[in-house]
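For any residue, its number in the numbering used here is found by taking its place in the sequence shown, counting from 1, and adding 42. Take a look at the structure set out below.
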Amino acid sequence: MAARILLELKGVGKSFGATRVLEHIDLAVEDGEFITILGPSGSGKTTILRMIGGFTQPDQGQILLDGRDIAHDPINRRPFNTVFQDYALFPHMTVAGNVGYGLKVRGTARGTVEKRVKEVLDLVQLGALKDRYPAQLSGGQKQRVALARAIICEPRLILLDEPLAALDVELRKQMQEFLKVIHREIKTTFLFVTHDQEEAIAMADRICVMNFGKILQLGSPTEVYYRPRSEFVARFFGDNNLIEGTLGKVDGNRRTIETALGPLPCMVEGTPELLETPIGQRGFAVIRPEAIHVDGDRGWSTKATDAVISGQVTAVNFGGSATVALVEAIGPAGAVPLRVKLPSRAEGLHIAAGDRVRIGWHAADCRLVAG
């Protein structure tokens, strides 16, 4: 059964003076999902969040909630709540006062407010801190207070504007896990804005990748991670190897790209435009470091590998659970530096800087994107 659409942006555009920040945005948010809008600074992701929340008005297009256009409804008529990066807590109010404020201004009975505040503070594991003030809280505790305040009024959608950006690395990971738990508990739709790729992968049901005011790709974390549809997404989303070349022949859902390393077969399913692009056009073979095997790896056979290339290891960098080897791959028309990610082992790897090696990968792990 198809998921129900809660919120939909249709043809939404926005300019600030002569600067165009959003260009004809179409985006459907499913009821109950955790969707992340990912992009660098200036990509337009925060502008989308602000327009949905009612803080900014679109120049054109519709913002539909259950099919009704709310693009020009005031903030207080939208069943949404926002969690900001700077928490926006009232410093003169206790934790309980901050969390219950929304119900209080609605005129909710005092006893009901107190009951709901207790329930929500227990949910975010802050019941013991209800009488503290924001200045007495850590960054993570403030963030949970802001989340509790957003939850308590039972909004249809919670908007999160880079809410973890000010936290240290370990606390961010803890809060990522915590947000996912809360999302499952309350079954409310979350729209999360971030510039952090790892954060998007860890949290989202779907990721919307943006740049220069346009949506470049929308899909599950697995789809965006392993099947980028543009050079920008391939470069921005992780540490892909991009091997430049020109488009060659088509063979079913594969297409060869002619590179300095020779002809490389790449997968192109889901991108029919690449099947129709004329031979000779610029493109890139995209291969993730963990998809590249090194001669001597357990279970690797050159007979079952679609691309086998000679090279020289220039560096081996231990990184905990994984070790990254830098390999200068050598082909008939030149050399290409590649990153190879291998599982670390206590006894060390079978390669070292200066070694001559053969590397390879399967065509199914290599994507073709247009240049």
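Think of the CB as a built atom: it goes at the ideal place given N, C-alpha and C, for glycine as much as any other residue.
{"Query": "Let me know the secondary structure DSSP gives T298 once reduced to three states.", "Result": "strand"}
{"Query": "Tell me, which residues are paired with P252 by DSSP?", "Result": "For the record, residue 252 in the displayed sequence is Met; it is not Pro. Paired residue(s): I257."}
{"Query": "Tell me the rounded alpha-carbon separation between T319 and Y267.", "Result": "24 Å"}
{"Query": "Exposed or buried, which one is S142 when buried takes at least 16 other CB atoms within 10 Å?", "Result": "Going by the sequence as given, residue 142 is Gly instead of Ser. Under this definition G142 is a buried residue."}
{"Query": "Pick helix, strand or coil for I228, following the three-state DSSP scheme.", "Result": "helix"}
{"Query": "Do three or more CB pairs link the stretch 157-177 to the stretch 99-119 at distances below 8 Å?", "Result": "no"}
{"Query": "Can you tell which of K56, C195, M135 and Q185 has its C-alpha closest to the C-alpha of T150?", "Result": "C195"}
{"Query": "Using a Cβ-Cβ cut-off of 7 Å (strictly less than) and excluding sequence neighbours within five positions of T89, which residues of its own chain qualify?", "Result": "K56, V63, L64 and T98"}
{"Query": "Using a threshold of 9 Å, state whether the C-beta atoms of I329 and V369 are closer than that.", "Result": "no"}
{"Query": "Here's the rule: buried if 16 or more other CB atoms are within 10 angstroms of the residue's CB, otherwise exposed. What is H225?", "Result": "buried"}
{"Query": "State whether the stretch 349-367 contacts the stretch 282-294, with contact taken as three or more CB pairs (one from each stretch) at a distance under 8 Å.", "Result": "no"}
{"Query": "Between which two residues does the alpha helix (DSSP H) harbouring Q239 extend?", "Result": "Q239 to M245"}
{"Query": "With M135 as the anchor, note down where its beta strand (DSSP E) starts and where it stops.", "Result": "No beta strand (DSSP E) contains M135, which DSSP labels as neither H nor E."}
{"Query": "If we ignore side chains and look at the alpha-carbon of each, how far apart do D164 and A138 end up?", "Result": "11 Å"}
{"Query": "Within its chain, find whatever has a CB closer than 8 Å to the CB of F126; leave out the 5 residues flanking it on each side and keep chain order.", "Result": "A188, D203 and P205"}
{"Query": "DSSP state of P314, grouped into three classes?", "Result": "helix"}
{"Query": "For the beta strand (DSSP E) containing L284, name the first residue and the last one.", "Result": "N283 to D293"}
{"Query": "Report the residue ranges of all beta strand (DSSP E) runs contained in full by the stretch 97-134; include only those spanning at least 3 residues, in chain order.", "Result": "102-107 and 122-125"}
{"Query": "Would you report the Cα separation of L410 and E241, rounded to the nearest angstrom?", "Result": "25 Å"}
{"Query": "Going by C-alpha to C-alpha distance, which of I47, A45, I77 and R92 sits closest to V54?", "Result": "R92"}
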